[in-house]
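In the working numbering, the protein residues as written are 6 to 175.
Here is the structure we will look at.
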Amino acid sequence: MEKFEKALLYRGFNMHESGDSQIVIDNQVVKGVWVVGYLQPMAGLAFITPYNLKATYKPDACTLLSPAVPVVKETVSVATGLYDDFDLPKLIFQDDLVEYNDGVHIFKGRVVFACGAFGIGCDDNIPLDYSDSCRNDNFISFWELMSQQDVIENTVDYVTVIGNVWEGEK
């Protein structure tokens, strides 16, 4: 598992018919692939250069010289820098759908940025009782969850990515 501790990564959906993933845009199913890398917005469009390639620009004309991939702008989300608690850990992104299950409490939500931190936002009240002045009944930060762990790492215990807002649950 690679660690991306010093890189701000983004994910976006690149549409093409031979893709192995599908999402719903404007009530239509679209095929393509998810691309993870460095965001390069240009002229109202979004491009992502995969994280293992380096992006370069021609300063005067703002022409993109790197092998950047066009992505659907609305699907672009930022990586939280944290991984889920699964056999094959996944990097957690904003707008991911996640499930919290510690064996006693189970709830599902969406990864959002609120109160200055990434965390889980839910439609219903979160059934955990931690004392954080910024927490409300429908949001709990990953930091708050991680502070309850024995060892603070880049993994959020009991949280599993189950999809994202574009794909739904898997």
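Where a beta carbon is used, it is the ideal one built from N, C-alpha and C, also for glycine.
Distance from the CA atom of I28 to the CA atom of V34, rounded to whole angstroms, is 6 Å. Here D101 is buried: its Cβ has 16 or more other Cβ atoms, across all protein chains shown, within 10 Å. Contact annotation: the region 73 to 80 does not touch the region 105 to 114, with fewer than three C-beta pairs closer than 8 Å.
The Cβ atoms of G126 and F144 lie closer than 8 Å to each other. Looking at the DSSP output, G42 sits in a beta bridge with Y15 and P55. C-alpha of M20 to C-alpha of V161: approximately 31 Å in a straight line.
For A73, the CB contacts under 6 Å within the same chain, skipping 5 residues up- and downstream, are Q45, F52 and T54 in chain order. Shown here, E149 sits in a helix according to DSSP, grouped into three states. The Cβ atoms of G24 and G42 do not sit closer than 8 Å to each other.
According to the DSSP assignment, I28 belongs to the beta strand (DSSP E) that extends over S26 to I30. A distance of 8 Å or more separates the beta carbons of V166 and D92.
Residues R16, S82 and A84 of the same chain have their beta carbon placed closer than 6 Å to that of F98, with the five preceding and five following residues left out of the count. Closest option to W171, judged by alpha-carbon separation, among Q153, N32 and P94: N32. The beta carbon of N169 is closer than 8 Å to those of S82, F98, D100, D101 and L102 in its chain, skipping five residues each way along the sequence.
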